[in-house]
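Below is one structure, written out as structure tokens; the observations come after it.
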Amino acid sequence: MRKRKAGSGESIYVFKVVLSDWGGRVKGMPYRVIACPEKISLYQLGETIIESFDFSFDHAFGFYDNIKNWYRSQEGYELFADLGEKDSFPGVKRAQAAKVFPELKKKMLFLFDYGDEWRFVVQLIKIEEPEENVKYPLVIQAVGDISQYGGGEDDEDWEEDDGEEDWTEAKEDGKRELAEVNQVVPKEQEWEKKPKIGRNDPCPCGSGKKYKKCCGAQEEKVVSLLEFQTEKEFADLIEKLCDFVTRKYLDLLLEEFTDFDLEFPEDPEEFEEDPDAALVCEAFIFDVKLSGNRTPFEEFIKKHGQGYRTSTLKWFEELKDSVFSFYEVTGITAGERVVLKDLLGTGTFDVYFEDYFDEDEIYVGDAIWCRLVPFRQKHKIFLSSIVVLNELKDEVKELVLHEYHQEKNLEIHAFLKDHSFILLQKILDFLQHSSDSVGLPEKFMGFRDPVEAEKLINRAMRIKSKKRKVELAQEALAQDHLCVDAYVILGEEKAETWEDAKELFQQGVKAGEKVLGQGFFKKNRGHFWGISATRPYMRAKFRLAESLWNLGERRKAAHHLTEMLELNPADHQGARYLLCHLLLILDADDEYEKLMKKYSDDSSVEFLFNNALFLFRHSGNSKESLDGLKKALEYNAYVAKYLLNIIKVPKKIFGPIIAGGQEEAAGYVTDARRNWEKTPGAISWLGKNLWLV
Numbered sequence: 001m002r003k004r005k006a007g008s009g010e011s012i013y014v015f016k017v018v019l020s021d022w023g024g025r026v027k028g029m030p031y032r033v034i035a036c037p038e039k040i041s042l043y044q045l046g047e048t049i050i051e052s053f054d055f056s057f058d059h060a061f062g063f064y065d066n067i068k069n070w071y072r073s074q075e076g077y078e079l080f081a082d083l084g085e086k087d088s089f090p091g092v093k094r095a096q097a098a099k100v101f102p103e104l105k106k107k108m109l110f111l112f113d114y115g116d117e118w119r120f121v122v123q124l125i126k127i128e129e130p131e132e133n134v135k136y137p138l139v140i141q142a143v144g145d146i147s148q149y150g151g152g153e154d155d156e157d158w159e160e161d162d163g164e165e166d167w168t169e170a171k172e173d174g175k176r177e178l179a180e181v182n183q184v185v186p187k188e189q190e191w192e193k194k195p196k197i198g199r200n201d202p203c204p205c206g207s208g209k210k211y212k213k214c215c216g217a218q219e220e221k222v223v224s225l226l227e228f229q230t231e232k233e234f235a236d237l238i239e240k241l242c243d244f245v246t247r248k249y250l251d252l253l254l255e256e257f258t259d260f261d262l263e264f265p266e267d268p269e270e271f272e273e274d275p276d277a278a279l280v281c282e283a284f285i286f287d288v289k290l291s292g293n294r295t296p297f298e299e300f301i302k303k304h305g306q307g308y309r310t311s312t313l314k315w316f317e318e319l320k321d322s323v324f325s326f327y328e329v330t331g332i333t334a335g336e337r338v339v340l341k342d343l344l345g346t347g348t349f350d351v352y353f354e355d356y357f358d359e360d361e362i363y364v365g366d367a368i369w370c371r372l373v374p375f376r377q378k379h380k381i382f383l384s385s386i387v388v389l390n391e392l393k394d395e396v397k398e399l400v401l402h403e404y405h406q407e408k409n410l411e412i413h414a415f416l417k418d419h420s421f422i423l424l425q426k427i428l429d430f431l432q433h434s435s436d437s438v439g440l441p442e443k444f445m446g447f448r449d450p451v452e453a454e455k456l457i458n459r460a461m462r463i464k465s466k467k468r469k470v471e472l473a474q475e476a477l478a479q480d481h482l483c484v485d486a487y488v489i490l491g492e493e494k495a496e497t498w499e500d501a502k503e504l505f506q507q508g509v510k511a512g513e514k515v516l517g518q519g520f521f522k523k524n525r526g527h528f529w530g531i532s533a534t535r536p537y538m539r540a541k542f543r544l545a546e547s548l549w550n551l552g553e554r555r556k557a558a559h560h561l562t563e564m565l566e567l568n569p570a571d572h573q574g575a576r577y578l579l580c581h582l583l584l585i586l587d588a589d590d591e592y593e594k595l596m597k598k599y600s601d602d603s604s605v606e607f608l609f610n611n612a613l614f615l616f617r618h619s620g621n622s623k624e625s626l627d628g629l630k631k632a633l634e635y636n637a638y639v640a641k642y643l644l645n646i647i648k649v650p651k652k653i654f655g656p657i658i659a660g661g662q663e664e665a666a667g668y669v670t671d672a673r674r675n676w677e678k679t680p681g682a683i684s685w686l687g688k689n690l691w692l693v
């Protein structure tokens, strides 16, 4: 972004920006220290952060006061508001950083790209006077690097180009900046009127560049933002629809449900979260005729269908004619989608299923009773569904067709819409009877709810009570026995020994492997953690490695950590730091050298001091080992004081981990002391060479 000198009387705000994991943890993560003029906007601060990490400034973003669960924030600022979207939070372009961060130590989450969810913790650490003739914003310190797209293969078309131009250079050459694009978003019909331009054609703007390197790149970003806006508005409409129906028509709902042997929560706010009630509520929304011959869905559209973009409303109104139907699973794409064939009508549908089923609980040949709605050029299940085992599929189909044949002169679509309650009740009764008589697993009686399990886990992560965390994790497992994070919480909070913890973390890892599937591992190796669905598995695997370390099973621990780095070379969790200790303990020199080479730019306390120790082991008091020790001591001299027992390592480490600080040194020595003490002469060598700094 453009730099400038500080204005008269304008202070400089210094922020520390640290990459964070899903749980808000920042230890060992790459970070930047950035100095900005007092009057900088959050939009400009966001752009500065993104450019400091060498990311492309090409996605929507926001600032939130809830570090772990941004969607539960009380204070927030979003780019969507600047795009004209009606939202509960204000925009980022008019929000001044100095007002958002009114005092030192205030933290906010900077969330970039709502798809990949890059999370950065931003903290105001200093307010100072500007330096003379210095232009701001300015990156004062940069530690560690990350790759926005995981080092994936480039687009084949780019190989033809004579030279590469990065995003910043392209902007300076006259392309429209994302900020300018955000201010004037073309109407959807205007996009359709534009003539087709090939990606390698000359750009019509006259720049002389290829279209893909010029205006085409910006238009793709706008289309991406428009699609995201539409999906966000669609989800908002569904949430408001459910709230509208359960509040306005609760008495009618309960009256309709008297024939169902189901328990419903008394609180309307909980009604839509009950998986059993959700399916019946869904039938009520779309298929019950109220006075005026309108459905609750049509009443909602009439009263609350304002304030949304035309494309969103058009998409949403398509739900009006949707019906329950019976679908056979004819294919499964690991971790992503299922292919469903309509057994009562015609057509085959590509359906997103990761929010509804786990891969080991739905198989080709099984069937699903559900309502499909359009989503991302494919389909998704509306609220809930019934999974029917292959063994019972034909009987359920015959049950439905038997009811259908009782009707005369009625098309199948109209029959399904008019008889949704009757069919739902008969299917549930049949499955309940089958479950009681043949002993089918309870999870196939009708409902699974990994979404509800995730809600319970989110609650558990927000509270401090150890007892309540355990209770919520156990409730989550009752909803979804493959809820990976539930095993992690139980291992952390309930296990009394490392052996108990290991067993729970192992169960979490196995559950994660089943949820994702072998095909998913092969397809996405190298991109884990960047895909949010992989994070519970990666958390369980890391905690398993830690428990194995503490049980002395170091080779197994190293194996898991090595696998983690293969799955996620960007190493958002810091697995390489524990691994470098283990490889030294195991005298695995070849593996250690490969690790050092792979992360050769890493200047962390672990890598600097372990490298000095490694060099001493192999070359003694040589120039090479002394150079390594000098670099390490210059970075953090407290490590030597702790290793030499000049000062004692605290039993507990309080306060933030600051580069070069005592807390960082204490953390390193806790893990590394064994390596130093078991290396003959290492501690003495360290003591004799403190003069290096």
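UniProt numbering applies: residue 1 is where the sequence shown begins, and numbers increase by one. Every residue gets a Cβ at the ideal spot worked out from N, C-alpha and C, and that includes glycine.
I believe residue i touches residue j by the beta-carbon criterion, under 8 angstroms. Please report the beta-carbon distance rounded to the nearest angstrom.
i           : j           : result
residue 488 : residue 508 : 5 angstroms
residue 427 : residue 381 : No, residue 427 and residue 381 are not in contact; Cβ-Cβ is about 16 angstroms, not under 8 angstroms.
residue 679 : residue 649 : Between residue 649 and residue 679 the Cβ distance is about 18 angstroms, and since that is not below 8 angstroms, they are no contact.
residue 79  : residue 60  : 5 angstroms
residue 579 : residue 595 : 6 angstroms
residue 371 : residue 352 : Not quite, the Cβ-Cβ distance comes to about 14 angstroms (not below 8 angstroms), so this is no contact.
residue 64  : residue 111 : 6 angstroms
residue 412 : residue 345 : 6 angstroms
Taking 7 angstroms as the limit between beta carbons, can you name the residues of its chain near residue i, skipping five residues before and five after?
i           : result
residue 72  : 66
residue 494 : 470
residue 501 : 491, 495 and 547
residue 555 : 586
residue 637 : 693
residue 640 : 633, 686 and 690
residue 504 : 487, 490, 491 and 495
residue 677 : 683
Whose CA, out of the options, lies closest to the CA of residue i?
i           : options               : result
residue 599 : 581, 582, 576 and 585 : 576
residue 70  : 120, 414, 291 and 499 : 120
residue 536 : 574, 486 and 310      : 486
residue 420 : 678, 323 and 77       : 323
residue 597 : 586, 573, 569 and 585 : 569
residue 659 : 405, 26 and 64        : 26
residue 126 : 106, 144, 519 and 135 : 106
residue 101 : 247, 83, 84 and 12    : 12
residue 533 : 484, 504, 663 and 571 : 484
residue 68  : 458, 472 and 594      : 458
residue 565 : 538, 543 and 581      : 538
residue 574 : 590, 144, 347 and 430 : 144
residue 136 : 38, 76, 652 and 604   : 38
residue 605 : 28, 401 and 644       : 28
residue 619 : 681, 645 and 642      : 681
Does DSSP put residue i in a helix, a strand or coil?
i           : result
residue 36  : strand
residue 106 : coil
residue 647 : coil
residue 379 : strand
residue 350 : strand
residue 3   : coil
residue 89  : coil
residue 138 : strand
residue 75  : coil
residue 282 : helix
residue 367 : strand
residue 330 : strand
residue 147 : coil
Skipping 5 residues on each side, what residues in its chain have a beta carbon closer than 6 angstroms to that of residue i?
i           : result
residue 170 : With a pLDDT of only 31 at residue 170, under 50, the local geometry of the prediction cannot be trusted, and no value is derived from it.
residue 545 : 557, 560 and 561
residue 279 : 384
Near residue i, which residues of its chain fall below 8 angstroms by C-beta distance, leaving aside the five closest residues on each side in sequence?
i           : result
residue 366 : 328, 329, 387, 388, 389, 390 and 393
Would you say residue i touches the ligand FAD, meaning its beta carbon is less than 6 angstroms from a heavy atom?
i          : result
residue 17 : What this structure holds is no ligand at all, so the ligand FAD is not there to describe.
Report task. Could you tell me whether the region 31–45 touches the region 2–21, using the rule of 3 or more Cβ pairs below 8 angstroms? Result -> Contact holds: three or more Cβ-Cβ distances are below 8 angstroms.
Query raised in the report: Is the region 454–472 touching the region 417–437, taking contact as three or more C-beta pairs under 8 angstroms?
Result: Taking a cut-off of 8 angstroms on C-beta distances, the region 454–472 does not touch the region 417–437, as fewer than three cross pairs fall below it.
Query - Cβ contact (3+ pairs, closer than 8 angstroms) linking the region 519–529 and the region 542–553 - result: Of all C-beta pairs linking the region 519–529 to the region 542–553, fewer than three are shorter than 8 angstroms, placing the two stretches out of contact.
Query raised in the report: With a cut-off of 8 angstroms, do at least 3 Cβ pairs link the region 623–631 to the region 603–613?
Result: With the cut-off at 8 angstroms, the region 623–631 and the region 603–613 touch.
**Report entry** Cβ contact check for the region 286–306 and the region 236–249: 3 or more pairs under 8 angstroms
**Finding:** Enough Cβ pairs lie closer than 8 angstroms, so yes.
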